[in-house]
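Everything on this sheet refers to the single structure shown next.
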Amino acid sequence: MPTLKVSPDLDLFYRDDDFTDPWSTPETILMLHGNSESGAVWYGWMPVLARHFRIVRPDMRGFGQSTPMPADFPWSVDRIIDDYIALMDHLRIERFHLIGAKVSGGISLAFAARHPDRVQTLVSLSPPVRGADDKDRYLSWLDHIKRHGVESWARMTMGKRLGSAFPPEGVEWWIKLMGRTAQSTQIGFIGAVPSVDVTPGLSSIRCPTLVVTTAGSALHPPEQLRQWQVMIPSSELLVVPGDSYHVSATAAESCAQAALAFIRQSQSQRP
977 MPTLKVSPDL
987 DLFYRDDDFT
997 DPWSTPETIL
1007 MLHGNSESGA
1017 VWYGWMPVLA
1027 RHFRIVRPDM
1037 RGFGQSTPMP
1047 ADFPWSVDRI
1057 IDDYIALMDH
1067 LRIERFHLIG
1077 AKVSGGISLA
1087 FAARHPDRVQ
1097 TLVSLSPPVR
1107 GADDKDRYLS
1117 WLDHIKRHGV
1127 ESWARMTMGK
1137 RLGSAFPPEG
1147 VEWWIKLMGR
1157 TAQSTQIGFI
1167 GAVPSVDVTP
1177 GLSSIRCPTL
1187 VVTTAGSALH
1197 PPEQLRQWQV
1207 MIPSSELLVV
1217 PGDSYHVSAT
1227 AAESCAQAAL
1237 AFIRQSQSQR
1247 P
């Protein structure tokens, strides 16, 4: 799989898949994974989307097969967005659909607000929008990671992340995947999250937007998301059954089908 030298400190790993008809010119979906993950986590989405769209799945800087970041790296939402814009410029993809999960659900909202000329539609899954709302939780996570490592933190938090119905084998797979994140990356990243606030840009989002959560999410319950979702001019809220806060993982196929239908609807309404 290819990498892009975005800057001297970053080789950005990405997956670029196209299973559409070879004589067609498909539109592209850029898919952004959550904290302590990689582009590999979209496995349940690919069979639904990849027959119809070119799919680009980068590993966020610091995560997956991209270059790990030092603990003192100056993380910011704008820096992460700049990395992804550099990738899409490199691939010569001017406009694309955007899908982001968990922390990248929030990043994707800021992305769409900042680059309305690039983003055609947006699907934001279980997104946090104001890190300060959960500051105490993030600080307790940070302390645990420093003392016990990333895999221990992933194991401690996985129950609520994946909910009560996810198979035990799947829970263990996710623990091991997230546990492979460099400790230095995770310390810096978690330490920066409480300062993130993407709400000021929500009213600037111009593309059709679908926000998704579960009915029983402990972190992002529907009533909480509705408070800011209504600030996005052309947006809808989809609530799916379940009690996880990682809906893109626990309801992957149904969310992918919903995203496909949402994108198709937007395409049909173009002038």
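The working numbering numbers the first residue of the sequence shown as 977 and each following residue consecutively. All C-beta atoms, glycine included, are put in the ideal place defined by N, C-alpha and C.
Best match in R1123, T979, G1020 for proximity to T1226 [C-alpha to C-alpha]: Sequence index remark: in the sequence shown, residue 1226 carries index 250 (1-based). The shortest C-alpha separation from T1226 is found at G1020.
Distance between G1015 and T1157 (C-alpha atoms, nearest Å): Start at 1 with the first residue of the sequence shown, and residue 1157 comes out as number 181. Start at 1 with the first residue of the sequence shown, and residue 1015 comes out as number 39. Cα to Cα, the separation comes out at about 13 Å.
Sequence-distant residues of its chain with Cβ nearer than 8 Å to L1138 (five each side left out): By one-based count along the sequence shown, residue 1138 stands at place 162. Excluding residues within five positions, the ones whose Cβ falls inside 8 Å are G1146, V1147, W1150, S1220, H1222, A1225, T1226.
Coil, strand or helix - S1244 by DSSP: To locate residue 1244, count along the sequence shown from 1; it is residue 268. In this structure, S1244 counts as helix in the three-state DSSP scheme.
Runs of alpha helix (DSSP H) wholly within the region 1013 to 1082 (minimum 4 residues, chain order): Uninterrupted alpha helix (DSSP H) stretches at least 4 residues long and entirely within the region 1013 to 1082 occur at 1022 to 1025, 1053 to 1066, given in chain order.
Buried or exposed by the 16-neighbour rule on C-beta atoms within 10 Å, applied to R1033: The residue labelled residue 1033 in the question sits at position 57 within the sequence shown. The residue in question, R1033, is buried, as its Cβ has 16 or more Cβ neighbours within 10 Å.
Chain B contact for S1052 (CB, 7 Å cutoff): Considering every chain present, this structure includes no chain B. It has just one protein chain.
Whole-angstrom distance between V1105 and W1129, CA atom to CA atom: In the sequence shown, residue 1129 corresponds to position 153, counting from 1. In the sequence shown, residue 1105 corresponds to position 129, counting from 1. Whole-angstrom Cα-Cα distance: 22 Å.
First and last residue of the uninterrupted alpha helix (DSSP H) at M1207: By 1-based counting over the sequence shown, the position of residue 1207 is 231. Counting along the chain, M1207 falls outside any alpha helix (DSSP H), and DSSP gives it neither H nor E.
Buried or exposed by the 16-neighbour rule on C-beta atoms within 10 Å, applied to E1070: Counting from 1 along the sequence shown, the entry for residue 1070 is found at position 94. With fewer than 16 Cβ atoms within 10 Å of its Cβ, E1070 is classed as exposed.
Residue burial classification, P1184 (beta-carbon count within 10 angstroms, cutoff 16): Here residue 1184 is taken as the residue at index 208 of the sequence shown, counted from 1. Counting Cβ neighbours within 10 Å, P1184 comes out buried, since at least 16 surround it.
Pair within 7 Å by beta-carbon distance, F1142 and W1051: In the sequence shown, the residue the question calls residue 1142 occupies position 166. In the sequence shown, the residue the question calls residue 1051 occupies position 75. No; because the gap between Cβ atoms is not below 7 Å, this pair is not in contact.
Assigned exposure category for V1206 - 16 Cβ within 10 Å defines buried: Along the sequence shown, one-based indexing puts residue 1206 at 230. In this structure V1206 is exposed. Its beta-carbon is surrounded by fewer than 16 other beta-carbon atoms within 10 angstroms.
Near the ligand NAP: L1195 beta-carbon under 6 Å from a heavy atom: Absence of the ligand NAP from the depicted structure is noted, as is the absence of any ligand whatsoever, leaving it without description.
Residue environment, P1103, which counts as buried when at least 16 other CB atoms sit within 10 Å: Start at 1 with the first residue of the sequence shown, and residue 1103 comes out as number 127. By the 10 Å Cβ count, P1103 comes out buried.
Residue nearest to G1135 in terms of C-alpha spacing, selected from G1107, A1194, V1079, D994: Walking along the sequence shown from the start, residue 1135 turns up at place 159. That would be A1194, whose Cα lies nearest to the Cα of G1135.
Neighbour-count burial assignment, D1093, 16 or more Cβ in a 10 Å radius: On the sequence shown, position 117 is the one that residue 1093 refers to. Classification for D1093: exposed.
Length of the line joining the Cα atoms of D1109 and L1115: Against the sequence shown, residue 1109 aligns to sequence position 133. Against the sequence shown, residue 1115 aligns to sequence position 139. Those two C-alpha atoms are separated by around 12 Å.
Between the CA atoms of L1118 and I1163 - distance to the nearest angstrom: As a working mapping, residue 1163 is identified with position 187 in the sequence shown. As a working mapping, residue 1118 is identified with position 142 in the sequence shown. Rounded to whole angstroms, I1163 to L1118 spans 6 Å at the Cα level.
C-alpha gap between F1039 and S1012, whole angstroms: Residue numbering aside, residue 1039 sits at position 63 when the sequence shown is read from its first letter. Residue numbering aside, residue 1012 sits at position 36 when the sequence shown is read from its first letter. Distance between the alpha carbons of F1039 and S1012 is about 6 Å.
V1126 - DSSP class collapsed to helix/strand/coil: Sequence index remark: in the sequence shown, residue 1126 carries index 150 (1-based). It is helical.
Which residues DSSP lists as bridging E1212, in chain order: Within the sequence shown, numbered from 1, the residue matching residue 1212 stands at position 236. In DSSP, E1212 forms a bridge with L1186.
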